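Accompanying notes for the structure given below.
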Amino acid sequence: MNKTIRRASVFSLLLVLALLVRATWVQFYDGKALADNDKNRRKTIAQYAYPLGDIIVGGEAVTGSAKTGGGSDLTYKRTYKDGSLYAAVTGFTSQVYGSTQLEALYQDVLDGSDHRLKNPVDTVTGKHAAPGDVVTTIDPAVQMAASRALGDKKGAAVALDPDTGRILGMVSSPSYDPSAITGSGPSDARAWKKLSADKDVPTLNRALKQALPPGSTFKLVVAAAALEDGLYGSVDDRTDSPNPYLLPGTHTYLKNESASAPCEDASIRTALQYSCNNVFGKMAVELGQDKVRAMAEKFGFDDKKRDVPVRAAESVYPSGMDKAQTALSAIGQFDVTATPLQMAMVSATLANGGEQAAPHMVSEVTNADGDAVTSYPDSDSERVVSESTAAQLRSAMETVVAKGTGTNARIGGATVGGKTGTAQHGENNSQTPYAWFTSYATDDSSGKKVAVAVVVEQSDAARSEVSGNGLAAPIAKAMMAAALKK
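Using our numbering, read the sequence shown as starting at 15 and increasing by one per residue.
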């Protein structure tokens with residue numbers, strides 16, 4: 015064979031082999047990536063070709079599907095029952111704007127593309143499987159109570175079962191109706207534009223996704239660190255706490271909201287009852303930031319991967335502080351931040367004898383027949399503080415509600431413990447403070463328990479009237495009472 019022809023043949027063969035390799039690569043690797051790409055119209059058409067599965071609350075679907083009509087190639091769109099009530103739980107799924115929260119996390123189950131929903135025949139024939147459902151732990155009564163109590167106030171609230179970690183209620187205000195943005199028509203576009211332009215960001219889940227200064231609710235963490243470390247043997251031990259407390263290395267004094275409160279050398283019980291800044295500021299300096307941080311992290315702070323299963327924002331206890339900053343961190347200021355979920359976890363842990371159950375809001379995923387595809391049993395609890403420390407702090411929190419700064423959380427027939435917080439923010443504390451309340455309640459007859467955290471960012475109340483007891487405690491009370499009724 016002619017040498018030139020032979021070389022050309024070899025070269026041509028190599029080109030053919032390269033084309034075969036590339037075709038194989040596209041078919042088995044790039045093909046899947048292209049099929050899964052959110053910009054692939056075929057994926058969207060397939061997703062909305064059939065009715066979607068549902069998100070279940072209290073045994074009933076709070077989602078649905080409706081035919082779009084009008085010649086659209088997207089046959090169905092998502093609908094919501096009481097959409098604004100459950101938006102913080104469900105999120106949304108839209109033909110145009112994507113999906114969030116449970117709608118996004120369980121998209122494959124809800125649109126029937128999850129391989130676990132297919133039987134052997136469906137797998138061979140490629141037949142579309144009937145979609146599955148997502149069953150939540152949300153209690154409709156608690157959810158409704160939270161929504162009504164929060165009303166038009168800007169903020170969020172979370173309720174937990176301390177024994178199991180089940181999330182019983184989760185609201186964020188202002189909310190929105192996901193039904194308004196599920197389709198691809200002009201009205202959906204207008205609704206999306208309005209939501210996107212809203213400075214209050216209704217689509218933000220403030221209960222999980224927004225960490226704010228927790229104010230004096232963080233004093234529970236500092237108190238736990240002091241008791242666990244042995245700095246004080248009891249919540250009734252007298253502390254060495256000058257009033258006001260001079261921040262180390264500064265000429266600035268850490269004062270208390272009430273000048274007449276008995277905060278000088280106050281015990282932990284009294285300091286929680288009157289929310290004495292001087293006591294906890296000095297306590298944190300004596301412990302040192304590392305010990306306070308270690309306790310905060312036991313409660314769940316500084317966890318960047320808190321999934322419930324929606325990923326929660328990180329609650330932060332800062333590092334690299336000087337002593338003055340450490341003192342300020344003790345009262346939930348400086349760079350300390352927490353989500354309502356995190357502060358609910360603090361109260362839930364104390365209510366559960368010092369053990370923390372991982373919070374979660376999905377109990378199982380089922381197929382179309384109602385059989386469990388995946389179950390999410392209540393996880394084993396982890397010890398955070400000793401039973402003795404938890405019992406002492408519960409006793410002190412009950413004093414706060416009985417005759418301290420948290421009296422608006424009292425519930426007849428239940429033992430209630432709580433801690434208020436008023437967190438300053440803005441340059442030179444120029445903006446309206448955040449009002450916090452974290453608490454638990456135990457039914458005196460049944461022993462049933464619930465833990466709650468509430469933050470009110472903004473309300474119609476005058477700045478002088480903003481307080482955890484005035485704004486947040488009544489919301490917590492409503493949620494706890496609803497949870498204990500059943």
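C-beta atoms are modelled at their ideal positions from N, C-alpha and C, and glycine is treated no differently. Everything numeric in this text was worked out from a predicted model, so none of it was measured.
- Beta-bridge partners of S79 (DSSP): R92.
- In the three-state reduction of the DSSP assignment, M184 falls in the strand class.
- If you look at T178, you'll find it isn't in any beta strand (DSSP E); DSSP assigns it neither H nor E.
- Here the alpha carbon of T264 sits roughly 17 angstroms from the alpha carbon of M297.
- In the same chain as A338, and ignoring 5 residues on each side of it, the C-beta atoms closer than 6 angstroms to its own belong to L261, P262, G263 and T264, in chain order.
- DSSP places L260 in the strand class (E or B) of the three-state scheme.
- DSSP, read as helix, strand or coil, puts V398 in coil.
- Within the DSSP bridge table, the entry for Q472 names K168 as partners.
- Membership of D147 in the beta strand (DSSP E) is indicated by the continuous run D147 to T150.
- The DSSP assignment places 282-287, 291-301, 303-313, 337-343 and 354-365 as complete runs of the alpha helix (DSSP H) inside the stretch 282-370, in order along the chain (cut-off: 4 residues).
- With contacts defined by Cβ atoms closer than 8 angstroms, R180 and H374 form a contacting pair.
- Rounded to whole angstroms, the separation of the alpha carbons of D202 and A143 is 29 angstroms.
- I19 is bridged by DSSP to nothing; it lacks a bridge partner.
- Shown here for C290: same chain residues with a beta carbon closer than 6 angstroms to its own, the five before and five after excluded, namely N270, C277 and A280 in chain order.
- The Cβ-Cβ distance between D128 and G112 does not fall below 8 angstroms.
- Judged by DSSP in its simplified three-state form, G229 adopts helix.
- In the three-state reduction of the DSSP assignment, S113 falls in the strand class.
- Counting along the chain, the unbroken beta strand (DSSP E) around P447 starts and ends at Q445 to D457.
- L131 is classed as buried because its beta carbon has at least 16 other beta carbons within 10 Å across all chains shown.
- For L268, DSSP records a beta bridge to Y259.
- Counting along the chain, A490 sits inside no beta strand (DSSP E); it lies in the alpha helix (DSSP H) bounded by residues A487 to K499.
- The stretch 87-96 and the stretch 190-197 touch, with three or more beta-carbon pairs separated by less than 8 angstroms.
- Listed in chain order, the non-local C-beta contacts of P216 below 7 angstroms within the same chain comprise P188, S189, Y190 and L209, local neighbours out to five positions each way being set aside.
- DSSP places I69 within a strand segment (E or B) once states are collapsed to three.
- With a cutoff of 8 angstroms on beta-carbon distance, S255 and V293 are scored as near each other.
- In summary, N257 is buried, with 16 or more beta-carbon neighbours lying within 10 Å of its beta-carbon over all protein chains present.
- The DSSP-derived three-state label of E412 is helix.
- Going by beta carbons, V172 and E378 fall outside the 8 angstroms limit.
- In terms of Cα proximity to V123, the closest of T452, S395, K305 and N381 is N381.
- With a contact defined as Cβ atoms closer than 8 angstroms, V156 and M493 qualify at about 5 angstroms.
- Sequence-distant partners of K223 (beyond 5 residues in either direction) whose C-beta falls short of 8 angstroms from its own C-beta, in its chain, are A326, A327 and T353.
- Distance check between G67 and each of Y100, S23, L119 and D125 places D125 closest, using alpha-carbon atoms only.
- Judged by DSSP in its simplified three-state form, S161 adopts helix.
- In the structure shown, S274 adopts coil according to DSSP, grouped into three states.
- Ranking T436, V430, A490 and I489 by CA distance to the CA of G461 puts V430 first.
- The three-state secondary structure of K141, taken from DSSP, is coil.
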